[in-house]
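Asks:
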Amino acid sequence: MSRLFWKLFLTIFVAQVVTVWSVGALFWLIHSTETPEMEFRHFQPPTPQSFPSAPEGRRGGLAEFDRSFDQSRQAPHHPAPPDGPGLPWIPLSVGLIFSLLFAALLARHLSRPILNLSEAFKAVADGDFDVRLSEKMRNHRDELADLGRQFDQTSARLQQVLTGQRRLLHDVSHEMRSPLARIQLAIDIARQQPEKAEASMQRLERETARIDHLVEELLTLSRMESNASLQSNEPLDLVEILQDLLTDARFEAPSHHCHVNYHGPEHATVRGHAVLLHRAIENVVRNAMRHTAQETCVEIVLTQREDMLCLDVMDRGPGVLEGALEIIFEPFVRFAEHGGNDGHGLGLAISRRVMQLHGGSIRARNREGGGLCVEFRLPGAIDRDSLEIDGSRASAQTRE
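Here the numbering used here is used: the first residue of the sequence shown is -15, the next is one more, and so on.
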């Protein structure tokens, strides 16, 4: 048994012993002071009518009266009261035995969950994050059961974070290996063939830029993973963010042999961080421009469904395998057959984390006829007046 068990056991047992003996002593004192009621408390002095009258014609009536008066005047005789009752040893002994059993059961009931929690903390400290307490505390309906569930959630979260860190470390080491190998190769070529030193320097610059970009994205992802909430939660016009992004996208579109179009309102309000939202949407738009077929259009459509803004970025590229639609938002996930070697596979992971910080979500689905649609969902609202104006403009553009 643990120290906690014995502390609880002794505390409960002593409290019950004191209670039992106190109640027993109180009853003993009450019964020991009780005596039979004395008859003299109801004694009434004799009256002349209570004495027997002497028969007529008999002499000595006065003497008979005197004797009767003397006998009646004497106090009645009562036997001595018996001794008071002794201590109720048998009830006290039975009470103490039941107190002993009850204290042991109650101490075990209270100490067992705490001991389970202590053992679970020790297991987590030793690196075992698979330990769970909910099953062991299923019979409890109190704060201890809530504590067990919170421990399970914390343990699961720690396991997830640790697994993510290990995977991230593995992926980073893998990503760094290739540019470092190319840098080493460029240095060797420059040493062995001085005439190619210029080309080797250009290769060194490109690989250095790739490593710098990788480190920047890793820091961005790490900062967002460590922050549970946004540092900025100001109202923003999402369409203004989209217009800035569209300006850059349309400038780069000719190099990808594609077009970028926007369909939606002129104003839509969200709350959040403007830079992070711009980064999240830009990552998806750049992916769409990179993978869409030549002479096709990347479409950006903003609508509202209930209290959520829905932003769809659609391309006409090869799409993604159905089984990989979820994992594309994991860090360092790339598809070589889609030209995925150009990046590090962190863009969509950053976009997903930004959406989570804003209380939204992001998901991908394949389009009918080919291509991929990435859907952002954000809490927000569209200005209905701007929606009607934009709808009339869209109709005019369609007629033209």
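Even for Gly, the Cβ is constructed at its ideal location relative to N, Cα and C. Just so we're clear, the structure is a prediction, and the values are computed from it rather than from any experiment.
To the nearest angstrom, how far is it from the Cα of residue 88 to the Cα of residue 203?
Replies: 56 Å
Asks: Just the Cα atoms here: how many angstroms apart are residue 114 and residue 95?
Replies: 23 Å
Asks: Kindly indicate which three-state DSSP category residue 262 falls into: helix, strand or coil?
Replies: helix
Asks: At what residues does the beta strand (DSSP E) containing residue 163 begin and finish?
Replies: Note, residue 163: premise wrong, no beta strand (DSSP E); alpha helix (DSSP H) at 127 to 176.
Asks: Checking 8 Å against the spacing of the C-beta atoms, do residue 229 and residue 338 come in under that value?
Replies: No, the pair does not count as a contact, with Cβ atoms beyond the cut-off.
Asks: Please classify residue 217: does DSSP put it in a helix, a strand, or coil?
Replies: coil
Asks: Could you tell me whether the stretch 136 to 145 touches the stretch 170 to 179, using the rule of 3 or more Cβ pairs below 8 Å?
Replies: no
Asks: Using the Cα positions of residue 131 and residue 105, report the straight-line distance between them to the nearest angstrom.
Replies: 12 Å
Asks: Starting from residue 278 and walking both ways along the beta strand (DSSP E), at which residues does that stretch end?
Replies: Unbroken run through residue 278: none, as it is neither H nor E.
Asks: Quick one: what's got a C-beta closer than 6 Å to residue 6's C-beta in the same chain, skipping five residues either side?
Replies: none
Asks: So residue 304 packs on residue 264, CB below 8 Å; how close in whole Å?
Replies: Going by Cβ atoms, the distance from residue 304 to residue 264 rounds to 18 Å, so no, they are not a contact pair.
Asks: Going along the chain, which residues of its own chain have a beta-carbon closer than 6 Å to the beta-carbon of residue 222, five neighbours each way excluded?
Replies: 252, 254
Asks: Beta-carbon within less than 7 Å of residue 240's beta-carbon, same chain only, minus the 5 sequence neighbours each way: which residues are those?
Replies: 273, 274
Asks: Taking Cβ positions, are residue 248 and residue 220 nearer each other than 8 Å?
Replies: no
Asks: Using the DSSP secondary-structure output, state which residues sit across from residue 288 in a beta bridge.
Replies: 293
Asks: Are there 16 or more other CB atoms within 10 angstroms of the CB of residue 233, so buried, or fewer, so exposed?
Replies: buried
Asks: Determine the burial state of residue 407: buried for a count of at least 16 other Cβ atoms within 10 Å of its Cβ, exposed for fewer.
Replies: Outside the shown range of the chain, which is -15 to 384, sits residue 407, and nothing can be said about it.
Asks: According to DSSP, which residues form a beta bridge with residue 243?
Replies: 281
Asks: Near residue 334, which residues of its chain fall below 8 Å by C-beta distance, leaving aside the five closest residues on each side in sequence?
Replies: 201, 204, 205, 208, 263, 264, 267
Asks: By a C-beta neighbour count over all protein chains shown, 10 Å radius and 16 as the cutoff for buried, is residue 133 buried or exposed?
Replies: exposed
Asks: In or out: residue 86 buried (at least 16 other Cβ within 10 Å) or exposed?
Replies: By the 10 Å Cβ count, residue 86 comes out exposed.
Asks: Could you tell me the boundaries of the beta strand (DSSP E) in which residue 255 lies?
Replies: 252 to 256
Asks: Can the beta-carbon of residue 136 be found closer than 8 Å to that of residue 122?
Replies: The beta carbons of residue 136 and residue 122 sit no closer together than 8 Å.
Asks: What would DSSP say about residue 100, mapped onto helix, strand or coil?
Replies: helix
Asks: Pull the bridge partners of residue 363 from the DSSP assignment, please.
Replies: 292
Asks: Please report the distance separating the alpha-carbon of residue 231 from that of residue 164.
Replies: 35 Å
Asks: Measure the alpha-carbon distance for residue 168 versus residue 197 and round it to whole angstroms.
Replies: 19 Å
Asks: Just verifying my parser: in three-state terms, what is the DSSP assignment at residue 335?
Replies: helix
Asks: Below 7 Å CB to CB, which residues in the same chain sit around residue 368 once its five sequence neighbours on both sides are set aside?
Replies: The beta carbon of residue 368 sits closer than 7 Å to none of the beta carbons in its chain outside the five residues before and after it.
Asks: How about residue 281 and residue 359: do their beta carbons lie closer than 8 Å?
Replies: no
Asks: Going by DSSP in three states, residue 118 sits in which element: helix, strand or coil?
Replies: coil
Asks: First and last residue of the beta strand (DSSP E) that includes residue 350?
Replies: 345 to 350 is the extent of the beta strand (DSSP E) around residue 350.
Asks: Tell me which same chain residues have a C-beta within less than 7 Å of the C-beta of residue 314, skipping the five on either side of it?
Replies: 333
Asks: Report, in whole angstroms, the separation of the C-beta atoms of residue 300 and residue 354, which I expect to be a contact under 8 Å.
Replies: 6 Å
Asks: Grab me the residues of residue 344's own chain with a C-beta within less than 6 Å of its C-beta, minus the 5 sequence neighbours each way, in chain order.
Replies: 361, 362
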